[in-house]
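Read top to bottom, the protein sequences are chains A and B.
Throughout the first sequence, residue numbering follows my numbering, covering 9 to 199 in sequence.
Throughout the second sequence, residue numbering follows my numbering, covering 270 to 482 in sequence.
Heads up: the structure comes next, in structure tokens.
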Amino acid sequence: MTQRKDAYGLPNVHEDRLRDLLVRGLAGDAAAYQAFLKDLSGYLRAFLRKRMVRLPEEVEDLVQESLLAVHNQRHTYDPGQPLTAWVHAIAKYKLVDLLRRRACRELLNDPLDDELAVLANSDTNATAARLDLAKLLEQLPERQRLPIVCMKLKGMSVVETARLTGMSESAVKVGVHRGLKALAAMIRAHR
Amino acid sequence: MKTDDLVALLATGAGAVEGNAAARRYATALGWGAFGATLLMAILIGVRPDIDTAALLPMFWLKLAFPAAVAVGSLFAASRLSRPGARLGWTPGALVALVLAMWLLSAYVLLGAPPSERVELVMGSTWEYCLYYVPTLSAPVLVATLWAMKGLAPTRLSLAGAAAGLLAGAIGALIYALHCPEMEAPFIGVWYVAAMLIPTVAGALLGPIVLRW
Numbered sequence: 009m010t011q012r013k014d015a016y017g018l019p020n021v022h023e024d025r026l027r028d029l030l031v032r033g034l035a036g037d038a039a040a041y042q043a044f045l046k047d048l049s050g051y052l053r054a055f056l057r058k059r060m061v062r063l064p065e066e067v068e069d070l071v072q073e074s075l076l077a078v079h080n081q082r083h084t085y086d087p088g089q090p091l092t093a094w095v096h097a098i099a100k101y102k103l104v105d106l107l108r109r110r111a112c113r114e115l116l117n118d119p120l121d122d123e124l125a126v127l128a129n130s131d132t133n134a135t136a137a138r139l140d141l142a143k144l145l146e147q148l149p150e151r152q153r154l155p156i157v158c159m160k161l162k163g164m165s166v167v168e169t170a171r172l173t174g175m176s177e178s179a180v181k182v183g184v185h186r187g188l189k190a191l192a193a194m195i196r197a198h199r
Numbered sequence: 270m271k272t273d274d275l276v277a278l279l280a281t282g283a284g285a286v287e288g289n290a291a292a293r294r295y296a297t298a299l300g301w302g303a304f305g306a307t308l309l310m311a312i313l314i315g316v317r318p319d320i321d322t323a324a325l326l327p328m329f330w331l332k333l334a335f336p337a338a339v340a341v342g343s344l345f346a347a348s349r350l351s352r353p354g355a356r357l358g359w360t361p362g363a364l365v366a367l368v369l370a371m372w373l374l375s376a377y378v379l380l381g382a383p384p385s386e387r388v389e390l391v392m393g394s395t396w397e398y399c400l401y402y403v404p405t406l407s408a409p410v411l412v413a414t415l416w417a418m419k420g421l422a423p424t425r426l427s428l429a430g431a432a433a434g435l436l437a438g439a440i441g442a443l444i445y446a447l448h449c450p451e452m453e454a455p456f457i458g459v460w461y462v463a464a465m466l467i468p469t470v471a472g473a474l475l476g477p478i479v480l481r482w
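Put into structure tokens, the structure is as follows:
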């Protein structure tokens, strides 16, 4: 197979390796999928940090939001398509979305308020306001939270989760799927 | 939650993903959308009474082929716009070429007709119905197509909405063509195109509101 080239015509070894991990992950290889997400988080962090110089404390939140988006939208990846283009489009979409929402909020602010806000905002405030996915997870309804806790945090199988929660196996799968989508929506709402 | 914990959470028990998500979703959406549009036509207007004789004329089939081709082109555009980073490629060019071909045929018909009949060829006698019923019949398809897109991941929301609207408009026009008594290319080149653009604009306006993720 010929080596993939990036936008500048250079061979892109990262693209080939990450793409291979993702394709294996989509076929059900959990270890490959975890390695994909782990590597991807590094690339996303670098990509976003470079573009969010004025919002350094929000980089990690957006890395997490983008990872969740990649996961929730992973069925839209076509193995015939360059992975770089797919990931870039998702990260860019999430970044523009964040900047637009911030811009709207900042436009609504009274300039006088703004000046006071500079003094009111301390480091601890910023940290406290940061997203905590674990806390958001707790706000999900039972039918979504329980399957996520059992399957995703405790590593139980669909069958075990169904037995423990008394839900049907398909309800467990739907619960995980909808729960992660709801989590992504909650992140947007919390910004 | 640390990012590494999130990675572990997402990967644990993620399982395999079925391929061709876009194709399956669009197939479902178009099935229901076309069913809804056909049902609306049956309730509101029905097919033209002389459809058996009209079906012998080439113009009847051209009138079906034009919106059908626009529907195919906009389906490709919509499904590409539903996937992050996918390029539109040839789809906008093909859609423009289809409309230009229809206009070329219209110009040929108009130039061949006596000047006194040209206005009649363009205006027909039912243009208001065309502008009203094509968008009406396209509404179920627009809803279904936006649903299909919502379950995928469009990143250019206005454009994606416009493609969904054009797809809906083309299917609305295809179904309306079974009722419509007009048989002249200039009528189709003007009023069918205009009628298909109404849901296109609606889709472009709705996209940024309903397609967010």
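Each residue gets a CB set at the ideal place from its N, CA and C atoms; glycine is no exception.
In this structure, B:Gly472 sits near B:Gly430, with a CB-CB distance shorter than 7 Å. When 8 Å is used as the limit between beta carbons, A:Arg59 is near no residue of chain B, the shortest such separation being about 16 Å. Taking a beta-carbon distance threshold of 7 Å, A:Ala179 does not count as an interface residue toward chain B. At the C-beta level, B:Leu379 and B:Pro327 stay beyond 7 Å of one another. Residues are counted here when their Cβ sits less than 9 Å from a Cβ of chain A; for the segment 345-363 of chain B these are Ser351, Arg352, Pro353, Gly354, Ala355 and Arg356, given in chain order. Just measuring C-alpha positions, the residue of B:Tyr461, B:Ala370, B:Thr414 and B:Leu421 sitting nearest B:Tyr401 is B:Tyr461. Using a Cβ-Cβ cut-off of 7 Å, A:Ala99 does not count as an interface residue toward chain B, since no Cβ of chain B sits closer than that to its own. Under the three-state reduction of DSSP, A:Met164 is assigned to coil, being neither helix nor strand.
In this structure, DSSP gives A:Asp37 a state outside helix and strand, which the three-state scheme calls coil. Contact between B:Ala285 and A:Gly36 holds: their C-beta atoms lie close to 3 Å from each other, under 8 Å. A Cβ-Cβ distance of about 4 Å is found for the pair B:Pro477 and B:Leu426, placing them in contact under the 8 Å criterion. Nearest neighbour of A:Ala40 by Cα position, chosen from B:Gly282, B:Val316 and B:Leu411, turns out to be B:Gly282. CA-to-CA, the gap between A:Ser165 and B:Leu299 works out to about 35 Å. Contact between B:Ala422 and B:Arg352 holds: CB atoms are separated by about 7 Å, below the 8 Å threshold. Residue range Thr272 to Ala280 is occupied by the alpha helix (DSSP H) that includes B:Thr272.
Contiguous alpha helix (DSSP H) elements confined to the segment 25-86 of chain A occur at 38-59 and 67-80, taking only those with 4 or more residues. B:Tyr377: member of the alpha helix (DSSP H) spanning Thr360 to Gly381, first to last residue. With a beta-carbon spacing of about 18 Å, B:Ile444 and B:Met371 fall beyond the 8 Å limit used to define contacts. Inter-segment contact for the segment 59-75 of chain A and the segment 385-394 of chain B is absent: fewer than three beta-carbon pairs are separated by less than 8 Å. Identification of residues in the segment 422-435 of chain B having a C-beta nearer than 8 Å to some C-beta of chain A yields Ala422 and Thr424, given in sequence order. A distance below 7 Å between beta-carbons, with the five flanking residues on each side excluded, links B:Val316 to the following residues of its chain, in chain order: Leu447 and His448.
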